[in-house]
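Here is the structure we will look at.
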Amino acid sequence: DGGITQSPKYLFRKEGQNVTLSCEQNLNHDAMYWYRQDPGQGLRLIYYSQIVNDFQKGDIAEGYSVSREKKESFPLTVTSAQKNPTAFYLCASSIRLALGEQFFGPGTRLTVL
Amino acid sequence: AQSVTQPDIHITVSEGASLELRCNYSYGATPYLFWYVQSPGQGLQLLLKYFSGDTLVQGIKGFEAEFKRSQSSFNLRKPSVHWSDAAEYFCAGLNTGTASKLTFGTGTRLQVTL
Chain A
5 DGGITQSPKY LFRKEGQNVT LSCEQNLNHD AMYWYRQDPG QGLRLIYYSQ IVNDFQKGDI
65 AEGYSVSREK KESFPLTVTS AQKNPTAFYL CASSIRLALG EQFFGPGTRL TVL
Chain B
217 AQSVTQPDIH ITVSEGASLE LRCNYSYGAT PYLFWYVQSP GQGLQLLLKY FSGDTLVQGI
277 KGFEAEFKRS QSSFNLRKPS VHWSDAAEYF CAGLNTGTAS KLTFGTGTRL QVTL
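Here it is, written out as structure tokens:
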């Protein structure tokens, strides 16, 4: 079955630590996205990538970093510079950037202790 | 600025009753429009999409949406709600013709009473 996987489902981090969230897709999509979801605020775009070795900042990129070394993988690192990292993180992909619908992974809930 | 507005934060309906969730958009040109559903702690699932053509769009799980250009709306409807429809629903818009981002509304949480 084609789809998007995110791991882990739950992640706990101490303040001051970096942590990396995994996102893998086998849909052969060029474009991938990371969103942050907080209660009552909908989804906000962190980073997106339209092709391998290319990525762009979204609306709330500060304190986050990404890489796109392979078409199927788009990991997100939440750095210690992110002031309020506790949130639900969603990864998505689409055939091309701004073309067609986005398909979403199951999400990772990050909690900073 | 491009925006998508869902005016209702929370809606409660009885099982078997009809449902309408509101969505308004503000774009320079007609955007692509989507409705997604999210169960607690899960990712988003696409219910339906509108790109062009017929303004009444059919989706999965018995949902439909109607695009109304004059009202800048894309409301989601279901004739008879089931208890399993309880979830959060997001409307989203994507500007056409440019490499732009998907803009989400803030969501409407649907509660279904038995």
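Sequences listed follow chains A and B, in order.
Mind the numbering: the first sequence is residues 5 to 117 in my numbering, read in order.
Mind the numbering: the second sequence is residues 217 to 330 in my numbering, read in order.
Note that beta-carbon positions come from the ideal geometry of N, C-alpha and C, so glycine has one too.
| field | Where the beta strand (DSSP E) containing T319 (chain B) begins and where it ends | value | L318 to F320
| query | Counting pairs of Cβ atoms below 8 Å between the region 26-35 of chain A and the region 292-306 of chain B, do you hit three or more? | reply | no
| request: Check the Cβ-Cβ distances between Y68 (chain A) and every residue of chain B, and say whether any is below 9 Å. | output: It does not; no Cβ of chain B falls within 9 Å.
| query | When burial is assigned at 16 or more other CB atoms within 10 Å of the CB, is Q86 (chain A) buried or exposed? | reply | buried
| field | Per DSSP, cross-strand counterpart(s) of N201 (chain B) | value | Past the edges of chain B, shown from 217 to 330, lies residue 201 (chain B), and the structure says nothing about it.
| Beta-carbon of N291 (chain B) versus every beta-carbon of chain A: anything under 9 Å? | no
| message | Rounded to whole angstroms, what is the Cα-Cα separation between P89 (chain A) and L249 (chain B)? | response | One C-alpha to the other measures close to 30 Å.
| said: Residues in the same chain with beta-carbon distance under 8 Å from L47 (chain A), minus the five sequence neighbours each way, listed in chain order, please. | reply: Y39, R40, Q41 and L94
| message | Closest to A102 (chain A) by C-alpha separation, out of A:E19, A:T9, A:I55 and A:G111, would be which residue? | response | Looking at A:E19, A:T9, A:I55 and A:G111, the one whose alpha-carbon comes closest to that of A102 (chain A) is A:I55.
| message | Is there a C-beta anywhere in chain A that falls below 9 Å from the one on K265 (chain B)? | response | Cβ-Cβ to chain A under 9 Å: yes for K265 (chain B).
| request: For the region 238-254 of chain B, enumerate the residues whose C-beta is nearer than 7 Å to any C-beta of chain A, in chain order. | output: F250
| Helix, strand or coil: which one does DSSP assign to D42 (chain A)? | coil
| Residues near K13 (chain A) in its chain [Cβ-Cβ closer than 8 Å; skip 5 each side] | By the criterion of a C-beta distance shorter than 8 Å, K13 (chain A) is surrounded in its chain by P110, G111, T112 and R113, once the five residues flanking it on both sides are discounted.
| query | Given 8 Å as the limit, is there contact between the region 78-85 of chain A and the region 11-28 of chain A, that is, 3 or more CB pairs closer than that? | reply | They touch, by the three-pair rule.
| query | For the beta strand (DSSP E) that contains H226 (chain B), what are its first and last residues? | reply | H226 to S230
| For E231 (chain B) and W299 (chain B), believed in contact at Cβ under 8 Å, the rounded distance | 5 Å
| field | Contacts that F1 (chain A) makes with chain B (C-beta to C-beta distance below 8 Å) | value | Only positions 5 to 117 of chain A appear in this structure, which leaves residue 1 (chain A) out of reach.
| message | Can you check which of these residues, A:Y51, A:Q60, A:S71 and A:S84, is closest to E19 (chain A) by C-alpha distance? | response | The shortest CA-to-CA distance from E19 (chain A) to any of A:Y51, A:Q60, A:S71 and A:S84 is the one to A:S84.
| Thinking C-beta only, is L326 (chain B) closer than 9 Å to A334 (chain B)? | There is simply no residue 334 (chain B) to check, as chain B begins at 217 and stops at 330 in what is shown.
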